[in-house]
Amino acid sequence: MKISPQEVERLAKLAWLKLDPEEVKRYSQELSSILDYVETLNQLDTSQVSPTYHVVPQKSHLRKDEIGRSLSQEEFLSMVPAHEEGAVKVPKIIDIE
Amino acid sequence: MEPFHLTIFESQALLKKKSLSAKELTESVLKRIEATQPKLNTFITLCEESALCCAKEVDEKRARGEALSPLAGIPISLKDIFLTRGMKTTCSSRILSDFIPPYDATVVDRLKKNDVVLVGKANMDEFAMGSSNENSYFGPVKNPWDLERTPGGSSGGSAVSVSAGQCLGSFGTDTGGSVRLPAALCSVVGLKPTYGRISRYGVIAFASSLDQVGPLGKTVQDVALLLEAVAGYDSFDSTSHPIPVPSYQTALKKDLKGLTMGIPDEYFREGIDPEVLKAVHTAIDQLQKLGAKRVKISLPHSSYAIPVYYLICTAEASSNLARYDGVQYGFRATASTLAEMYLKTRGEGFGREVKRRIMLGTFVLSSGYYDAYYKKASQVRTLIQKDFTEAFKQCDVIVTPASPTTAFKLGEKTENPLEMYLTDIFTTSVNLAGLPALVLPCGFDQKQLPIGLQLIGPHFKEERLFQMGHAYESATDWHTRKPSL
C-alpha cells in the first residue's frame, strides 16, 4: 500500500501534527514500507474469526458512586501552562472583528 | 562487597540483623550512580535528598521495633512513565519535559507504603515506543556490558540501573517486550505479568490493550518480591483483576518434577544468532536435568505477531496520545490561534518515532481502512491467542529465546523502523495474548554480551515461572556476573 505525500498531509491534519516537508517525505516512504510488510496478514482467511479486544476475560467492575479523592483547583492549575482567574487560558478561538 | 552489589534478598537479611543500615545501603547506591551516570545516562531525574531522608526514616522505624515490609529501605528506580507526585515525570518526551504530576500512580503509592527508597526516574524510549532506548528526548542509555551498544528498550534505563548497581530493583512497563528485551540484553531478570495483574492507574498509557507494568531485579526471587508488593486489584483501574495475589515466595521452594516445558518450533528457526540458540538449548537441557519434561509444541501464527502488534499498538497509541494538546499540562508551543497551537505543540513536542506511530495508527483507524487493518489485526490476534491456549493443553511453561540477537550497536537500526520492529519478534505475541513471561540470564556470547531465556505461562501463573526460573538460577551462575564499569 503506497502512502503518498498528500495522504501523509491528510493524516497529519487528522492527528493534529504539524510536519515539515522533510518529514512528509520520510513518513510517506516509511509508512508505505510498513504497510507493505503488514500485507502478510492477508495470507490468512479470517472471515470466520471474531476479533479480540479484551485478552483476559473478566467482568467489568464499577466502583461505588461515592466521592473519593480528587484534585483541588490549585493542584490542577499547578500543571496548566497558562491560566487566569482560575481558568485555563488558550489562544483566541473566535475572531470577532 | 560493596552494598550496591547486593540483591534485595541479601540486603533484607543484613538490614534485619542491623549489620547494614538503609542509610548506608542508599549512600552506596547513590555513590555508584554518581560514578556511573555520566557513562550510562540511566536517569532523567534523581532524588538523592528524599532517598536519604526515606532511608533514615526506615532505620528509625526499625530501631523502634516496628514491623517492616521486606522491601523497606531497598533503593529502587522507576521508569519515567510512572506518575510521581511533586516529582518530574517526562516519559522521555519533550511534550512532558517539565511535567510535575499532582498525584502518585498506584504502583508508586504501594511502594511508598512498603517504605521503598526511590532513587530516581529512569530513562526510556519516548512514550515507551522503541526497542533500543534511542528514542529519548534525553539521549540514549548505554549498555553497561559495552558502552557502544543499546541496552534494549523501552525500559532501558530500568534494566541498566539494576545491572549497573545503581539500585536494587526497578519497575518498567511492557507493551511488546519493553521489560523483557532490555532485561535480556543487560543480564537482569524481568517479568511481564499477566494483563490486569498490576494496576496501571497513573502509568502513562501507550497501547491500553497491551500495556502492563513489570518488575526488574538481579534475581528471580527479588522480582517475585517486587511483584508481590504491587500486584492486585485497584478500584482506580477497571482493567486490574480481582484474582487474589498468591505468596510467590512459596512457589520458589518447589522443584521442577511434574512440570512440562513446551518448545515451540517456530522460535528456533533461522535468523537467530547461533550463539543465542546454543545458549537457549543448553538452558533447556539444564531444566530437563532439574526434573522438567520437554515436549515439542507449535505456535503456527507466530510470524504474524509483529504485523498484528504494530497495527494494534499504533491504533491505540494514536488515540491515547490525543490528550497531549498543550492545553492543560505539558509543553505548549506559542501560537496565535488554538488550532495552530495544537498543531505546533504536537508537531514540536513529539519525537520522530512517536509521530510515525501516531500517523500509522491514525491511518489504520481512518474511515475506509479500519476493517482491512485494525479489524484484520484483531482477528489474527484471536488466532495467536488460540495457539497459546492449544499449546498450554500440552505443557505448563513455554521456553524460548528472549531476543534473536545479543545487544546491537547504537545507531545500527535507527534508520530502518521495520528492522527495529523485528527486534521484538519473540516478545510481542505474549502481550497480544495477555500472558505472563519471565526473562532471565542464560549465558553470554563470545563478545561477552548477555543472552536471555524467556519462560511463558498461562494467565495468572506467574508462580510457575518463578518456580522454574528460580530452579534454573539456583543451578547456574549467569545472574551473578557483573559488568565492569
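Sequence order for the protein chains is R and G. Just so it is clear: in the first sequence, position 64 is 64 by the numbering used here, and no numbers are missing. Just so it is clear: in the second sequence, position 479 is 479 by the numbering used here, and no numbers are missing. Just so you know, even glycine gets a beta-carbon here, dropped at the ideal spot from N, CA and C. What you are looking at is a predicted structure, and each value in this text was computed from that prediction instead of being measured.
Do we get a CB-CB distance below 8 Å when we pair residue i with the residues of chain G?
i                : result
VAL24 of chain R : no
GLU75 of chain R : yes
SER78 of chain R : yes
GLU9 of chain R  : no
ILE93 of chain R : yes
GLN58 of chain R : yes
ILE34 of chain R : yes
SER50 of chain R : yes
GLU30 of chain R : yes
LYS18 of chain R : yes
PRO21 of chain R : no
Report the residue from the options whose alpha carbon sits nearest the alpha carbon of residue i.
i                 : options                                : result
SER33 of chain R  : R:LYS2, R:SER70, R:GLU74               : R:LYS2
PRO193 of chain G : G:GLU473, G:THR382, G:LEU438           : G:LEU438
TYR137 of chain G : G:PRO144, G:PHE127, G:ASN143           : G:PHE127
SER28 of chain G  : G:LYS293, G:ILE76, G:LEU40             : G:ILE76
LYS296 of chain G : G:LYS413, G:ILE284, G:LEU118           : G:ILE284
ILE425 of chain G : G:PRO436, G:PHE408, G:PRO401, G:LYS413 : G:PRO401
TYR27 of chain R  : R:VAL8, R:SER78, R:LYS18, R:ALA87      : R:VAL8
GLU48 of chain G  : G:LEU15, G:TYR370, G:LEU25             : G:LEU25
ALA231 of chain G : G:GLU462, G:LEU210, G:ALA315, G:TYR324 : G:GLU462
GLU348 of chain G : R:LEU11, R:LYS18, R:GLN73              : R:LYS18
ASP146 of chain G : G:ASN135, G:SER187, G:ASP104           : G:SER187
GLY258 of chain G : G:PHE331, G:TYR248, G:GLY291, G:LEU252 : G:GLY291
SER158 of chain G : G:GLY214, G:ARG149, G:LEU455, G:TYR195 : G:GLY214
PRO450 of chain G : G:ILE398, G:GLY457, G:ARG149           : G:ARG149
LYS491 of chain G : G:VAL245, G:THR173, G:ALA35, G:TYR324  : This structure gives no information on residue 491 of chain G, because the portion of chain G shown stretches from 1 to 485.
GLY330 of chain G : G:LYS88, G:LYS31, G:SER69, G:LEU52     : G:LYS88
MET129 of chain G : G:PHE350, G:VAL430, G:LYS253           : G:PHE350
ARG464 of chain G : G:GLN12, G:LYS254, G:ARG32, G:PHE4     : G:LYS254
TYR369 of chain G : G:ALA315, G:SER154, G:TYR248           : G:ALA315
Compare the C-beta of residue i against all C-beta atoms of chain R and say whether one is closer than 8 Å.
i                 : result
HIS479 of chain G : no
PRO458 of chain G : no
ARG346 of chain G : yes
HIS470 of chain G : no
LEU490 of chain G : No information on residue 490 of chain G is available, as it lies outside the stretch 1 to 485 that chain G covers here.
PHE363 of chain G : yes
GLN379 of chain G : yes
LYS375 of chain G : yes
GLN328 of chain G : yes
PHE553 of chain G : The displayed coordinates of chain G run from 1 to 485. Any statement about residue 553 of chain G would go beyond what the structure contains.
Determine the contact status of residue i and residue j, defining contact as a CB-CB distance below 8 Å.
i                 : j                 : result
GLY452 of chain G : SER403 of chain G : yes
THR480 of chain G : CYS313 of chain G : no
VAL38 of chain R  : TYR310 of chain G : yes
GLY169 of chain G : ILE44 of chain G  : no
GLN286 of chain G : TYR472 of chain G : yes
GLY73 of chain G  : LEU15 of chain G  : yes
VAL160 of chain G : LEU440 of chain G : no
ALA407 of chain G : LEU256 of chain G : no
LEU71 of chain G  : LEU225 of chain G : yes
VAL58 of chain G  : ASP115 of chain G : yes
GLY196 of chain G : THR239 of chain G : yes
ARG180 of chain G : ASP237 of chain G : no
GLN467 of chain G : GLU275 of chain G : no
ILE204 of chain G : CYS53 of chain G  : no
GLN385 of chain G : ALA433 of chain G : yes
GLY177 of chain G : THR405 of chain G : no
VAL56 of chain R  : GLN328 of chain G : no
ALA183 of chain G : LEU216 of chain G : yes
Kindly list, in the order they appear in chain B, the residues whose Cβ is closer than 7 Å to that of residue i.
i                 : result
SER235 of chain G : Here the protein chains are R and G, and chain B is not one of them.
>> In chain order, what are the residue ranges of uninterrupted beta strand (DSSP E) at least 3 long that sit wholly in the stretch 369-408 of chain G?
In response: Those beta strand (DSSP E) runs which fall completely within the stretch 369-408 of chain G and span 3+ residues are 397-401.
> What runs of the alpha helix (DSSP H), each 4 residues or longer, lie entirely inside the stretch 162-196 of chain G?
Replying inline: Qualifying alpha helix (DSSP H) stretches, in chain order: 180-186.
> How do the stretch 388-407 of chain G and the stretch 104-124 of chain G stand: do at least 3 beta-carbon pairs fall below 8 Å, yes or no?
Replying inline: Because the criterion of three Cβ pairs below 8 Å is not met, the stretch 388-407 of chain G and the stretch 104-124 of chain G do not touch.
>> With a threshold of 8 Å, are at least 3 pairs of Cβ atoms found where one atom belongs to the stretch 17-27 of chain G and the other to the stretch 351-361 of chain G?
In response: Not touching, per the Cβ criterion.
>> If contact is defined by three or more beta carbon pairs under 8 Å, each pair taking one atom from either stretch, is the stretch 154-167 of chain G in contact with the stretch 416-435 of chain G?
In response: Verdict: no, contact absent.
>> Does the stretch 55-65 of chain R come into contact with the stretch 289-305 of chain G, if we say contact requires no fewer than three beta-carbon pairs (one atom in each stretch) closer than 8 Å?
In response: Counting Cβ pairs under 8 Å, fewer than three are found: no touch.
> Should the stretch 77-86 of chain G be called in touch with the stretch 116-124 of chain G, which here means at least 3 C-beta pairs below 8 Å?
Replying inline: Short answer: they touch.
> Of all the beta strand (DSSP E) runs that stay within the bounds of the stretch 67-134 of chain G, which reach a length of 3 or more residues?
Replying inline: Within the stretch 67-134 of chain G, the complete beta strand (DSSP E) segments of 3 residues or longer fall at 75-79, 117-122, listed in chain order.
>> Whether or not the stretch 371-382 of chain G and the stretch 44-60 of chain R are in contact is what I'm after, with contact meaning three or more pairs of Cβ atoms, one per stretch, closer than 8 Å; do they touch?
In response: Contact between the stretch 44-60 of chain R and the stretch 371-382 of chain G is present, because at least three Cβ pairs lie under 8 Å.
>> If contact is defined by three or more beta carbon pairs under 8 Å, each pair taking one atom from either stretch, is the stretch 316-331 of chain G in contact with the stretch 202-212 of chain G?
In response: Contact between the stretch 202-212 of chain G and the stretch 316-331 of chain G is present, because at least three Cβ pairs lie under 8 Å.
> Where are the beta strand (DSSP E) runs, 3 residues long or more, that stay fully inside the stretch 270-340 of chain G, in chain order?
Replying inline: Within the stretch 270-340 of chain G, the runs of beta strand (DSSP E) that reach at least 3 residues and sit entirely inside it are, in chain order, 293-297.
>> Check whether the stretch 68-86 of chain R and the stretch 95-102 of chain G are in contact - that is, three or more C-beta pairs closer than 8 Å.
In response: Yes, since at least three Cβ pairs between the stretch 68-86 of chain R and the stretch 95-102 of chain G fall closer than 8 Å, the two stretches touch.
>> Going residue by residue through the stretch 207-264 of chain G, where are the continuous beta strand (DSSP E) segments of at least 3 residues, counting only ones entirely within it?
In response: DSSP runs (the beta strand (DSSP E)) wholly in the stretch 207-264 of chain G: 212-217, 260-264.
>> Suppose only complete runs of 3+ residues qualify. What are the beta strand (DSSP E) ranges in the stretch 1-56 of chain G, listed by chain order?
In response: Taken in chain order, the complete beta strand (DSSP E) segments of 3 residues or longer contained in the stretch 1-56 of chain G are 43-46.
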